[in-house]
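Chemist: Here's a structure for you.
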Amino acid sequence: MSDNNPFGSSGGQYATSVQYGGTDATPAKVALGEPPVAVDVIKDTTTATFAADVIQESRRQPVLVDFWAPWCGPCKQLTPLLEKAVTAAGGKVKLVKMNIDDHPSIAGQLGIQSIPAVIAFRDGQPVDGFMGAIPESQIAAFIQKVGGKNNGAPQVAEALAAAAEARAAGDVQTAADIYDAILEQAPETIEAIAGLGDLLFEAGDADGAEAVLARAPEAKKDAPPLAALRAKIALAAQAQALGNPAELERRLAENPGDHQARFDLAMIQNANGERMAAADN
Numbered sequence: 003m004s005d006n007n008p009f010g011s012s013g014g015q016y017a018t019s020v021q022y023g024g025t026d027a028t029p030a031k032v033a034l035g036e037p038p039v040a041v042d043v044i045k046d047t048t049t050a051t052f053a054a055d056v057i058q059e060s061r062r063q064p065v066l067v068d069f070w071a072p073w074c075g076p077c078k079q080l081t082p083l084l085e086k087a088v089t090a091a092g093g094k095v096k097l098v099k100m101n102i103d104d105h106p107s108i109a110g111q112l113g114i115q116s117i118p119a120v121i122a123f124r125d126g127q128p129v130d131g132f133m134g135a136i137p138e139s140q141i142a143a144f145i146q147k148v149g150g151k152n153n154g155a156p157q158v159a160e161a162l163a164a165a166a167e168a169r170a171a172g173d174v175q176t177a178a179d180i181y182d183a184i185l186e187q188a189p190e191t192i193e194a195i196a197g198l199g200d201l202l203f204e205a206g207d208a209d210g211a212e213a214v215l216a217r218a219p220e221a222k223k224d225a226p227p228l229a230a231l232r233a234k235i236a237l238a239a240q241a242q243a244l245g246n247p248a249e250l251e252r253r254l255a256e257n258p259g260d261h262q263a264r265f266d267l268a269m270i271q272n273a274n275g276e277r278m279a280a281a282d283n
């Protein structure tokens, strides 16, 4: 989703100190270990309160700003999904909603030309965002990406479950995005390395899968999920070297006693996940 981000990781062209609502948006630094101020997870904001609700609050936790208007049909589709996803995230991020009809100046400063637009703020700066209504699974992946910083094992476990759910539903891209987000925040997560590598392998990119496997720390490189994927890659390479399965089937049809062709065909079928067919041979 960062491909649609017009801001970049450093906040793009926006200076650290920007006047939002007539108030200096540069907040005092938060001391390490200071507990966050208790705030609503979802709220509306105005031009006058934007600095406190978004800029200052983003120093404590990531804040998503939903720019919308009453006449915008896609906004009416997106906002309830955002609210649901932010609530489910359990405080990982905060959602602030801004009606651009009533408060147009902030959207103008950010260069927003169409809505719905969702901009993520962290440390007082816009760091990521997307335009238009997107599916719920992509919203979850976006929240995991911008809100994953400094989260522990429970959040990683939830993200892994979300990736598995997306993959089971056939949404391979979302699953890959979630695995990438996990590895960005917790690069030694074996399940994410194995999951992303397996997605690449299933897509026919064995080299990409090998590259992902190489990211595993030395002490964990033989973990069962990684070893299983490595074995799949090796078996597929071996099967590819055995020849064309159609040619092997032709040889068997002509000579059922061609045991080498039968063995090679079974190896290929096993590598392709055709267990029943391989057993028949």
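First residue of the sequence shown: 3, per the working numbering; consecutive thereafter. C-beta atoms are modelled at their ideal positions from N, C-alpha and C, and glycine is treated no differently.
#1: Going by the beta-carbon positions, is the gap between Val-56 and Val-67 smaller than 9 angstroms?
#2: Which residues share a DSSP beta bridge with Gln-127?
#3: Can you check which of these residues, Met-133, Lys-147 and Ala-161, is closest to Ser-116 by C-alpha distance?
#4: When the Cα of Phe-52 is compared with those of Lys-94, Asn-101, Val-88 and Trp-73, which residue comes out closest?
#5: Compare the beta carbon distance of Gln-146 and Ala-164 with 9 angstroms and say whether it is the shorter of the two.
#6: By DSSP, does Asp-46 sit in helix, in strand, or in coil?
#7: Taking the alpha helix (DSSP H) that Asp-200 belongs to, which residues open and close that run?
#8: Nearest to Gln-175 by CA position, among Glu-160, Ala-135, Thr-191 and Leu-201, is which residue?
#9: Can you say whether Ala-119 is buried or exposed, counting buried as having 16 or more other CB atoms within 10 angstroms of its CB?
#10: For Ala-119, does the three-state DSSP call read helix, strand or coil?
#11: Determine, using beta carbons only, whether Pro-64 and Val-158 come nearer to each other than 9 angstroms.
#12: Do Thr-48 and Asp-104 have their C-beta atoms closer together than 9 angstroms?
#13: Give the straight-line distance between the Cα atoms of Leu-97 and Ile-141, rounded to the nearest whole angstrom.
#14: So, at 6 angstroms on beta carbons, what are the nonlocal neighbours of Asp-46 in its own chain, with the 5 sequence-adjacent residues on each side left out?
#15: Between the beta-carbon of Gly-126 and the beta-carbon of Gln-58, is there less than 9 angstroms?
#16: Leaving out the 5 sequence neighbours to the left and right, which residues in its chain are closer than 8 angstroms to Leu-231 when beta-carbon positions are compared?
#17: Would Phe-69 and Ala-109 be called neighbours here (beta carbons separated by less than 9 angstroms)?
#18: For Ala-183, count neighbouring C-beta atoms within 10 Å of its own C-beta (all shown protein chains included) and say buried if the count is 16 or more, exposed if not.
Modeler: For this structure:
#1: Residue 56 sits at position 54 when you count from the first residue of the sequence shown. Residue 67 sits at position 65 when you count from the first residue of the sequence shown. Inclusion of Val-56 and Val-67 in the CB contact set at 9 angstroms is warranted, their separation being smaller than that value.
#2: As a position in the sequence shown, residue 127 is number 125, starting the count at 1. Paired residue(s): Arg-124.
#3: The sequence position of residue 116 within the sequence shown is 114, counting from 1. It is Met-133 whose Cα lies nearest to the Cα of Ser-116.
#4: Translated into the one-based positions of the sequence shown, residue 52 becomes position 50. The shortest Cα separation from Phe-52 among Lys-94, Asn-101, Val-88 and Trp-73 belongs to Asn-101.
#5: In the sequence shown, the residue the question calls residue 146 occupies position 144. In the sequence shown, the residue the question calls residue 164 occupies position 162. One thing to note: Gln-146 has its Cβ within 9 angstroms of the Cβ of Ala-164.
#6: The sequence position of residue 46 within the sequence shown is 44, counting from 1. If DSSP states are grouped into helix, strand and coil, Asp-46 belongs with the strands.
#7: As a first step, residue 200 must be located in the sequence shown, where it is residue number 198. That run of the alpha helix (DSSP H) goes 192 to 204.
#8: Residue 175 sits at position 173 when you count from the first residue of the sequence shown. Closest option to Gln-175, Cα to Cα, is Leu-201.
#9: Counted from its first residue, the sequence shown places residue 119 at position 117. Counting of Cβ neighbours within 10 angstroms places Ala-119 among the buried residues, the total reaching 16 or more.
#10: The count along the sequence shown starts at 1 and reaches residue 119 at position 117. Reduced to three states, the DSSP call for Ala-119 is strand.
#11: Residue 64 sits at position 62 when you count from the first residue of the sequence shown. Residue 158 sits at position 156 when you count from the first residue of the sequence shown. In this structure, Val-158 does not lie closer than 9 angstroms to Pro-64 by Cβ.
#12: Position 46 of the sequence shown, counting from 1, holds the residue named residue 48. Position 102 of the sequence shown, counting from 1, holds the residue named residue 104. In contact: Thr-48 and Asp-104 (Cβ atoms closer than 9 angstroms).
#13: Sequence index remark: in the sequence shown, residue 97 carries index 95 (1-based). Sequence index remark: in the sequence shown, residue 141 carries index 139 (1-based). Rounded to whole angstroms, Leu-97 to Ile-141 spans 12 angstroms at the Cα level.
#14: As a working mapping, residue 46 is identified with position 44 in the sequence shown. Answer for Asp-46: Lys-99, listed in chain order.
#15: For the purposes of this step, residue 126 is taken as residue 124 along the sequence shown, with counting starting at 1. For the purposes of this step, residue 58 is taken as residue 56 along the sequence shown, with counting starting at 1. A contact, by the Cβ cut-off of 9 angstroms.
#16: In the sequence shown, residue 231 corresponds to position 229, counting from 1. Hits under 8 angstroms: Ala-196, Gly-199, Asp-200, Phe-203, Ala-211 and Leu-215.
#17: One-based indexing of the sequence shown puts residue 69 at position 67. One-based indexing of the sequence shown puts residue 109 at position 107. Taking 9 angstroms as the Cβ cut-off, Phe-69 and Ala-109 qualify as a contacting pair.
#18: Position 181 of the sequence shown, counted from the start, is the residue given in the question as residue 183. Ala-183 comes out buried.
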